[in-house]
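To start, the structure itself, in structure tokens.
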Amino acid sequence: MIDIDERVVRFLAAAQAHPQLDGDLPRFRSAMAGHLRNAGPRRPLAEVRDLRIDGGAVRIYRPDRSAGHPVLVYLHGGAFLRGDLETADVACREIAARAPAVVVSVDYRLAPEHPFPAAVEDAVTALEWVAASGAAAHGGDPGSVSIGGDSAGANIAAVVAGGTSVPLRAQLLLGGVFDLVDDLAAVEPDVADVVDVTADNERLSWIARLYAGSADPADPRLSPLRAERLAGPPALVVTSQLDPFAPQARRLATRFQAGGTSVRLVEFPGMPHGFGNLAGLFEAEATQLYELVAGALRDGVPPGERAGWHPQRAEH
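Laid out in structure tokens, this is it:
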């Protein structure tokens, strides 16, 4: 039996009382405002600037006016259907300050108005801009660029990291969904007592249909776990015990290891999906996540023997 923190009990109860409004896209999107209210305070930085690049939009976070910082290209979550530059604003500020690093948050196009591959294309555009000129122009080191994201953003980051020609220091994949046609019933029995797996499966099917458009949701460019071989730069894979996608994260780490990619897997006990963007509710755990990402940007993902898998439970 899982010992669930009272904060998580209240959060899950509220979520069940206000369903995710699957099938009603406008209300599904407007519900994001509730998440933003729990994001926590916004840390001041030396510079936070919105820019247009090659037809897209990014937000640059600079911790100070010095140069040579590592750079993180960040993709927000939101089920591919919702979210914008405000969605991960608190997390990006914290990561930028704690590393310190330059963070480039990407306002990628959303489905269903812009189905796959629009979001991936926007991420590639931002990454290539960072590598070519954006990093150096904003205090970053073009030789120390990583890509990352949370939830849907982690999916996009993994897809881009596996196929880009831009040299990457790391891929930082937080609470990601990596198989859009997966049966989520693989969660631990105790977790299934807490998480509504049936509803989550229905939600994933709806999301996959809208994001894929005319593409096949099982295509590895949408579901990277279905690739014959997973590769890319060293990977930090973070999940949480009450995340219905946790089994996918564990499988992803195993696949990275098998393919020769150095990987560190960290699981936060007792935390729900998306807790990193809910610092107003889960301050200690979100802070630990920010420090984990900041450390990977600053020091790199810890290397191992050929492919070092370091499964680890986060300590409260």
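The opening residue of the sequence shown carries number 1 in full-length UniProt numbering; numbering runs sequentially from there. The C-beta atom is built at its ideal place from N, Cα and C for all residues, glycine as well.
Using a threshold of 8 Å, state whether the C-beta atoms of residue i and residue j are closer than that.
i: residue 276; j: residue 289; result: yes
i: residue 141; j: residue 233; result: no
i: residue 294; j: residue 95; result: yes
i: residue 67; j: residue 163; result: no
i: residue 240; j: residue 267; result: yes
i: residue 53; j: residue 129; result: yes
i: residue 248; j: residue 177; result: yes
i: residue 184; j: residue 210; result: no
i: residue 26; j: residue 64; result: no
i: residue 227; j: residue 220; result: yes
To the nearest angstrom, report how far apart residue i and residue j are at their CA atoms.
i: residue 173; j: residue 152; result: 10 Å
i: residue 242; j: residue 225; result: 20 Å
i: residue 98; j: residue 131; result: 22 Å
i: residue 33; j: residue 84; result: 11 Å
i: residue 215; j: residue 126; result: 23 Å
i: residue 308; j: residue 256; result: With a pLDDT of 39 at residue 308, under the threshold of 50, the modelled position of this residue cannot be trusted; read the value that follows with caution. Rounded to whole angstroms, residue 308 to residue 256 spans 10 Å at the Cα level.
i: residue 202; j: residue 89; result: 29 Å
i: residue 124; j: residue 175; result: 21 Å
i: residue 285; j: residue 278; result: 9 Å
i: residue 102; j: residue 58; result: 12 Å
i: residue 113; j: residue 133; result: 30 Å
i: residue 244; j: residue 9; result: 16 Å
i: residue 51; j: residue 180; result: 31 Å
i: residue 137; j: residue 75; result: 20 Å
i: residue 254; j: residue 28; result: 33 Å
i: residue 45; j: residue 86; result: 15 Å
i: residue 296; j: residue 148; result: 11 Å
i: residue 146; j: residue 166; result: 10 Å
i: residue 118; j: residue 160; result: 12 Å
i: residue 7; j: residue 188; result: 21 Å
i: residue 170; j: residue 264; result: 11 Å
i: residue 310; j: residue 246; result: Low confidence applies here, because residue 310 scores a pLDDT of 46, under 50, leaving its location unreliable; read the following figure in that light. Looking at the two C-alpha atoms, the distance is approximately 16 Å.
i: residue 121; j: residue 155; result: 13 Å
i: residue 192; j: residue 258; result: 28 Å
i: residue 48; j: residue 36; result: 18 Å
i: residue 24; j: residue 190; result: 30 Å
i: residue 144; j: residue 283; result: 29 Å
i: residue 198; j: residue 11; result: 19 Å
Out of the options, which one is the CA nearest neighbour of residue i?
i: residue 111; options: 81, 226, 47 and 204; result: 81
i: residue 4; options: 25, 292, 56 and 270; result: 270
i: residue 168; options: 194, 39, 73 and 228; result: 73
i: residue 108; options: 281, 157, 135 and 258; result: 157
i: residue 93; options: 62, 77, 120 and 123; result: 62
i: residue 287; options: 39, 27, 7 and 10; result: 39
i: residue 78; options: 221, 137 and 207; result: 207
i: residue 291; options: 41, 91, 191 and 42; result: 91
i: residue 31; options: 44, 15 and 43; result: 15
i: residue 299; options: 183, 261 and 235; result: 235
i: residue 387; options: 260, 282 and 36; result: The chain is shown from 1 up to 316; residue 387 falls before or after that span and cannot be answered.
i: residue 213; options: 159, 116, 105 and 36; result: 116
i: residue 105; options: 56, 65, 196 and 251; result: 56
i: residue 43; options: 301, 302 and 280; result: 280
i: residue 182; options: 282, 144, 251 and 135; result: 251
i: residue 262; options: 227, 272, 282 and 302; result: 302
i: residue 200; options: 227, 100, 272 and 26; result: 272
i: residue 13; options: 196, 64 and 100; result: 196
i: residue 238; options: 36, 150 and 283; result: 150
Let me check you understand the geometry: is the CB of residue i closer than 7 Å to at least one non-hydrogen atom of the ligand MN?
i: residue 111; result: Of ligands this structure carries none, so the ligand MN is not represented either.
Per DSSP, residue i is paired with what?
i: residue 105; result: 59 and 74
i: residue 236; result: 172 and 264
i: residue 48; result: 61
i: residue 53; result: 56
i: residue 272; result: 242
i: residue 69; result: 140
4-residue-minimum alpha helix (DSSP H) runs that sit fully inside the segment 111-180, ordered along the chain: 118-129 and 152-163
What are the uninterrupted segments assigned as alpha helix (DSSP H) that are 4 or more residues long and contained completely in the segment 193-237, given in chain order? 197-212
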